[in-house]
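There are 2 protein chains.
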Amino acid sequence: MYERVYNFSAGPSVLPEEVLLEASKEMLNYKGSGMSVMEMSHRSKEFMGIAADAEKLLRELMNVPANYKILFLQGGASTQFAMIPLNLFSNSKTADYVDTGAWSTKAIKEAKKYGTVNVLASSKESTYSYIPKLDKSAFSKDADYFHITTNNTIYGTRFTPDNLPDTGDVPLVADMSSNILSEVYDVSKFGLIYAGAQKNMGPAGVTAVIIREDLIGKAMDITPTMLDYKIHADADSLYNTPPCYSIYMCMLVFKWLKEKGGVAAMEKINREKSQLLYDYLDQSAMFKATVAVEDRSLMNVPFVTGNDELDAAFIKEAVAKGFVNLKGHRSVGGMRASIYNAMPVEGVKALVEFMKEFEAKNK
Amino acid sequence: MYERVYNFSAGPSVLPEEVLLEASKEMLNYKGSGMSVMEMSHRSKEFMGIAADAEKLLRELMNVPANYKILFLQGGASTQFAMIPLNLFSNSKTADYVDTGAWSTKAIKEAKKYGTVNVLASSKESTYSYIPKLDKSAFSKDADYFHITTNNTIYGTRFTPDNLPDTGDVPLVADMSSNILSEVYDVSKFGLIYAGAQKNMGPAGVTAVIIREDLIGKAMDITPTMLDYKIHADADSLYNTPPCYSIYMCMLVFKWLKEKGGVAAMEKINREKSQLLYDYLDQSAMFKATVAVEDRSLMNVPFVTGNDELDAAFIKEAVAKGFVNLKGHRSVGGMRASIYNAMPVEGVKALVEFMKEFEAKNK
Chain U
1 MYERVYNFSA
11 GPSVLPEEVL
21 LEASKEMLNY
31 KGSGMSVMEM
41 SHRSKEFMGI
51 AADAEKLLRE
61 LMNVPANYKI
71 LFLQGGASTQ
81 FAMIPLNLFS
91 NSKTADYVDT
101 GAWSTKAIKE
111 AKKYGTVNVL
121 ASSKESTYSY
131 IPKLDKSAFS
141 KDADYFHITT
151 NNTIYGTRFT
161 PDNLPDTGDV
171 PLVADMSSNI
181 LSEVYDVSKF
191 GLIYAGAQKN
201 MGPAGVTAVI
211 IREDLIGKAM
221 DITPTMLDYK
231 IHADADSLYN
241 TPPCYSIYMC
251 MLVFKWLKEK
261 GGVAAMEKIN
271 REKSQLLYDY
281 LDQSAMFKAT
291 VAVEDRSLMN
301 VPFVTGNDEL
311 DAAFIKEAVA
321 KGFVNLKGHR
331 SVGGMRASIY
341 NAMPVEGVKA
351 LVEFMKEFEA
361 KNK
Chain E
1 MYERVYNFSA
11 GPSVLPEEVL
21 LEASKEMLNY
31 KGSGMSVMEM
41 SHRSKEFMGI
51 AADAEKLLRE
61 LMNVPANYKI
71 LFLQGGASTQ
81 FAMIPLNLFS
91 NSKTADYVDT
101 GAWSTKAIKE
111 AKKYGTVNVL
121 ASSKESTYSY
131 IPKLDKSAFS
141 KDADYFHITT
151 NNTIYGTRFT
161 PDNLPDTGDV
171 PLVADMSSNI
181 LSEVYDVSKF
191 GLIYAGAQKN
201 MGPAGVTAVI
211 IREDLIGKAM
221 DITPTMLDYK
231 IHADADSLYN
241 TPPCYSIYMC
251 MLVFKWLKEK
261 GGVAAMEKIN
271 REKSQLLYDY
281 LDQSAMFKAT
291 VAVEDRSLMN
301 VPFVTGNDEL
311 DAAFIKEAVA
321 KGFVNLKGHR
331 SVGGMRASIY
341 NAMPVEGVKA
351 LVEFMKEFEA
361 KNK
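In structure tokens form, the structure reads like this:
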């Protein structure tokens, strides 16, 4: 009926097959309503139920405390790069940022439009191959917030849950786009978490924002209404027509994740998956991982042979065998396997087998 | 296999059944790619092809001149309420607005944050039941733009294509969310047209912007990057991850509309559909249309009995017969039939038959 590939795309990326099947089946008639979810008023009982389920499931999966709001917004993480300073620069108009890659860099550039940004540390000089060590004495005492990117999709590094900066009373703000729901982070350590859906939550077009209530309601006067967290928080993300179908897909993914045992169970699988790859890379004579061991991502695994022709041959053969989107980002080169929640262990095992064969054949 | 209702929702609203069927079939494997459209990198050949087709089809359907860019953005018309002044207030920082309803009112309120707004006319005193006559001598000579809402979803009024304000050199800006692609407007008369997709184009979550090139590149310094038209125009709407699946659905709807004969053919059907309803309403002793004859919308047809109990009984019986979402907006009361492009003539005929029966039974 259909043939599926192993899709290692960095994002938008693979979704659980069960979820796609359910969406396909319900496309013309959602639970006897005689309508697609796409055709429903966002004020209808059916859609309000879907949105409420999405919120409730995400709250449960991430153990989000009661004093945090969960918002489903449009515009991607790129819009959050502006919303965060516009809403959070309420006192000193100063923020600390850690530069761990292309997305941090964009976030920093945008925040500079609206206040003072201290870049505390950067690993740019080594193509962001590690997470810089932070000197707590350099943190700004009066910062309105402190910004990190928990997982760096392009470079394959991450702030592990037990290595988050201790910012004291300064709210920690995190771009969690590429590793939300992949391992257990303690939400209460953050003031604000944001994530585009298109890696671990659903299709592109919706962005989840988890924000502590005391950070809401302090937007600058110049803030567009649609970029004010308070507008969306007060309306339970239904101020205007939301991206209904993307929220529905996220709800189905959250339901699937809960059935799999939740984030702790998924973390176990993700550790197994990434370890399969890193273990092979660390003993291979041909393929090498590019990231410092202690900072390695569970989601994005870049690797290189050091030989452009060999890289190209590998990627080409991989496609022929049904392993797609393994080409690395141009800034790192080589290959990258993105192994988000929806990538099954079998996909990673099959990839490692293929890598072994390729290495044996080409040594 | 499935039973569908006649869905008169004001938005999100009915989509062509053929389009939903195609989307359902391709959900797990888009044209042999082994992936859903939701799972594809937005930089992939497949998705770039989908986005290019969407742009090309919309350009063809609306006969968009070569010196206009077509953008697919996030945030809905509500985000455009801010983007327009932020990008177009480049000289006098003054704009003329016509107040024809709730959406105009919101657009006016947002523009006032960033410059001077002249509200030239309003029909608020009569619950927006007509389009105000405009006195050309009152137009601001030095306005940066002139804003109208071509179709007022809640009240059922519209600026007909031959009754647009003659703004001379001042760019005419139009919110066309609820009647884009429903009848032929001459795009060259406008500086900028914007429309949320969720009425005549596709699912909620994407907004089309058609903008004359000379209006791009003049955003105020405070404009968030994601709210600058130039950023999106320079990147062909792929500056960041776009709402890929919503764009794909729009592409399918555009293809369907082209197969139906395009906008002129659709206008003929829409005139027939709305006339069926208005003709019946104008002779009914029970149901009354609420809008001045010359300003009537082809898309949204509000009507009342003048009796709240009768209205409620009608809506309830209608649901039982498979005519759903006929309740009017609270500000007008009564009923509203939204009959967008995807509502077949048969649906409107069946509704009129049901109204006749209801009237006969309750007189």
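Line by line, the protein sequences are chains U and E. Read in the UniProt record's numbering, the first sequence has 27 at position 27, and its numbers run on one by one without any break. Read in the UniProt record's numbering, the second sequence has 206 at position 206, and its numbers run on one by one without any break. Virtual Cβ for every residue (Gly too), placed ideally from N, Cα, C. Because the structure is a prediction, the values reported are computed rather than measured.
Query, Result
"Val293 of chain U, DSSP secondary structure in three states", "helix"
"Contact belief for Gly334 of chain U with Tyr6 of chain U at Cβ below 8 Å, rounded distance in angstroms", "No, Gly334 of chain U and Tyr6 of chain U are not in contact; Cβ-Cβ is about 18 Å, not under 8 Å."
"Local Cβ density within 10 Å of Ala331 of chain E, reported as buried at 16 or more and exposed below that", "In the sequence on display, residue 331 of chain E carries Ser and not Ala. The residue in question, Ser331 of chain E, is exposed, as its Cβ has fewer than 16 Cβ neighbours within 10 Å."
"Burial state of Ala320 of chain U (16 or more Cβ within 10 Å)", "exposed"
"Start-to-end residues for the alpha helix (DSSP H) that takes in His232 of chain U", "Tyr229 to Asp234"
"Buried versus exposed call for Asn362 of chain E [16 or more other C-beta atoms within 10 Å across all chains shown]", "exposed"
"Of the listed residues E:Gly202, E:Glu39 and E:Asp311, nearest to Ala10 of chain U (C-alpha basis)", "E:Glu39"
"Closest residue to Asn152 of chain U among U:Ala102, U:Asn87 and U:Asp279 (Cα-Cα distance)", "U:Ala102"
"Residue range of the unbroken alpha helix (DSSP H) whose run includes residue 405 of chain U", "One cannot answer for residue 405 of chain U here, as it falls past the ends of chain U, which runs 1 to 363."
"Any 3 or more C-beta pairs closer than 8 Å across the segment 74 to 81 of chain U and the segment 230 to 247 of chain E", "yes"
"Burial state of Glu55 of chain U, where buried means 16 or more other Cβ atoms lie within 10 Å", "buried"
"Backbone secondary structure at Asp175 of chain E - three-state DSSP", "strand"
"Between the CA atoms of Ala23 of chain E and Met1 of chain E - distance to the nearest angstrom", "Confidence is the limiting factor: at Met1 of chain E the pLDDT is only 45, short of 50, which leaves the residue's position unreliable and the question unanswerable from this model."
"Below-8 Å beta-carbon distance, Leu252 of chain U vs any chain E residue", "no"
"C-alpha gap between Arg43 of chain U and Met201 of chain E, whole angstroms", "19 Å"
"Which of helix, strand or coil DSSP assigns to Leu20 of chain E", "helix"
"Contacting residues, own chain, Cβ-Cβ under 6 Å from Gly217 of chain E (five flanking each side not counted)", "Lys230"
"Supposed contact pair Gly156 of chain U and residue 371 of chain U - C-beta distance, whole angstroms, cut 8 Å", "The structure shown does not extend to residue 371 of chain U, since chain U is modelled only from 1 to 363, so the question has no answer here."
"Closest Cα partner of Leu172 of chain E within the set E:Ala197, E:Lys199, E:Ser182 and E:Lys141", "E:Lys141"
"Host alpha helix (DSSP H) of Ile315 of chain U (start-end)", "Asp308 to Ala320"
"Contact set between Tyr245 of chain U and chain E, taken where Cβ atoms lie within less than 9 Å", "Pro12, Pro203, Ala204, Gly205, Tyr245, Ser246 and Met249"
"Ser338 of chain E beta carbon less than 8 Å from that of Ala51 of chain E", "no"
"Residue interval of the alpha helix (DSSP H) (run including Pro85 of chain U)", "Gly76 to Leu88"
"The segment 125 to 144 of chain U in contact with the segment 89 to 108 of chain U per 3-pair CB rule at 8 Å", "yes"
"Asp311 of chain U burial status per 10 Å Cβ neighbour count (16 or more: buried)", "buried"
"Buried versus exposed, by CB contacts within 10 Å (16 or more), Asn300 of chain U", "buried"
"Selected residue, minimal CA-CA separation from Glu213 of chain U, among U:Met48, U:Lys69 and U:Glu46", "U:Lys69"
"Residue environment, Lys273 of chain U, which counts as buried when at least 16 other CB atoms sit within 10 Å", "buried"
"For Pro302 of chain U, the three-state DSSP class (helix, strand or coil)", "strand"
"Cβ separation of Val14 of chain U and Met343 of chain U, assumed to be a contact under 8 Å, to the nearest whole Å", "6 Å"
"Residues in the segment 126 to 155 of chain E having any Cβ partner in chain U nearer than 7 Å", "none"
"Proximal residues of chain U, C-beta to C-beta of Glu110 of chain E below 8 Å", "Pro224 and Thr225"
"Contact set between the segment 67 to 79 of chain E and chain U, restricted to residues whose Cβ is under 7 Å from the partner", "Gln74, Gly75, Gly76, Ser78 and Thr79"
"Proximal residues to Lys255 of chain E (C-beta, below 7 Å), its chain only, five neighbours per side dropped", "Leu57"
"Short Cβ contact (8 Å threshold) for Ile210 of chain U with Val187 of chain U", "yes"
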